[in-house]
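A short write-up of the structure that comes next.
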Ligand code: ZN
Ligand code: FE
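Numbering (the working numbering), first residue to last: -12 to 242.
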């Protein structure tokens, strides 16, 4: 059977998500921003928390781990490179590793940039990817610990996932990201229709995710840095994609 997902809000703008395997009953929280909304989601679904899959060490992704682990005795999986900064880790993973949630299999993809050890979990058979703070809808994470080049490489790895992969991101930043993206690509028709859709979603109290990789490839300027029109639009025609990406990221920092 295919995986079930429960998506909900945590803290001020984080997303919490539960991934459930109906065959075995296993349920993973992807990151643990804080325990209470995760407990609420578990009660609402009747699912039993068996695993926490951590994308990176920031407190808004790890703050709920110990409270959940103490209560549910769940397994905590975390990036090897950041395990020392994450509480309660049982298993560390790195590029190319696989981790299981019941019978569901997630591939670990290293996506350094936002933090040096940041990872994403790609559940290939279920066409799902949990990308933490590397890729946002119409945006990307701040480059805090790594370099712009690392972040650009990481985003390209996620962009290379199949177009029908549904991505779950760490934060609800979509409207602000769209506002910025329209300054980079004011004539992008796909982006403009996405803007209208996202405004409707937010106004209706809905989430703007998941989104597909295929849609992001048409709308997200950060993963379009190697498209000629994007470079031209910011006066960088002919410049290498990593430099175009860095310029877009720096403009967003100041936006
Ligand atoms: Zn973060
Ligand atoms: Fe975050």
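Even for Gly, the Cβ is constructed at its ideal location relative to N, Cα and C.
| query | Between which two residues does the alpha helix (DSSP H) containing residue 7 stretch? | reply | Element bounds for residue 7: not the alpha helix (DSSP H) but the beta strand (DSSP E), 1 to 7.
| Taking 7 Å as the cut-off, does the CB of residue 44 come closer than this to any heavy atom belonging to the ligand FE? | no
| field | Selected residue, minimal CA-CA separation from residue 36, among 122, 74, 55, -7 | value | 55
| Where does the unbroken beta strand (DSSP E) through residue 94 begin, and where does it stop? | 91 to 97
| Where residue 128 and residue 211 are concerned, what is the direct C-alpha to C-alpha distance, given to the nearest angstrom? | 15 Å
| said: Below 7 Å, is the gap between the Cβ of residue 101 and the nearest heavy atom of the ligand ZN? | reply: yes
| message | Taking the alpha carbon of residue 4 as the reference point, which residue from 11, 203, 197, 141 has its own alpha carbon closest? | response | 197
| field | Segment limits, beta strand (DSSP E) that includes residue -9 | value | -9 to -3
| message | As a quick exercise: from 193, 205, 18, pick the residue whose alpha carbon is nearest that of residue 117. | response | 18
| query | Since residue 129 sits in a beta bridge, which residues does DSSP pair it with? | reply | Paired residue(s): none; residue 129 is not in a bridge.
| field | Helix, strand or coil at residue 232 according to DSSP, with G and I counted as helix | value | helix
| task | Starting from the C-beta of residue 226, find all residues in its chain whose C-beta is less than 7 Å away, skip the five residues before and the five after it, and write them out in chain order. | result | Answer for residue 226: 218, listed in chain order.
| request: Report buried or exposed for residue 1, applying the criterion of at least 16 other Cβ atoms within 10 angstroms of its Cβ. | output: buried
| query | DSSP puts residue 119 in a beta bridge; with which residues? | reply | 156
| said: Is residue 1 near the ligand FE - that is, is its Cβ less than 7 Å away from at least one heavy atom of it? | reply: yes
| Hey, residue 145 and residue 115: beta-carbon distance below 8 Å or not? | Not a contact, by the Cβ cut-off of 8 Å.
| request: For residue 85, I'd like the list of residues in its chain whose CB is within less than 8 Å of its CB, leaving aside the five on either flank, ordered along the chain. | output: Excluding five sequence positions before and after residue 85, the CB atoms of its chain that fall closer than 8 Å to its own CB belong to 92, 93, 94, 95, given in chain order.
| query | What span of residues does the beta strand (DSSP E) with residue 87 cover, start to end? | reply | Note, residue 87: beta strand (DSSP E), 85 to 88.
| message | Just to confirm, is the Cβ distance from residue 65 to residue 76 under 8 Å? | response | yes
| What are the boundary residues of the alpha helix (DSSP H) that includes residue 139? | 135 to 146
| query | Is it right to say residue 164 is buried, meaning 16 or more other beta carbons lie within 10 angstroms of its own, or is it exposed? | reply | Using a 10 angstroms sphere on the CB of residue 164, the tally of other CB atoms reaches 16 or more, which defines it as buried.
| task | Confirm the yes/no value for this check: CB of residue 157, any heavy atom of the ligand FE, distance under 7 Å. | result | yes
| Closest residue to residue 213 among 132, 233, 15, 33 (Cα-Cα distance) | Checking every option, the nearest Cα to that of residue 213 belongs to 233.
| task | Give the straight-line distance between the Cα atoms of residue 172 and residue 184, rounded to the nearest whole angstrom. | result | The alpha-carbon separation between residue 172 and residue 184 amounts to approximately 17 Å.
| task | Measure from the alpha carbon of residue 10 to the alpha carbon of each residue in 70, -7, 73, 90, then state which is nearest. | result | Selected option, being the one with the closest Cα: 90.
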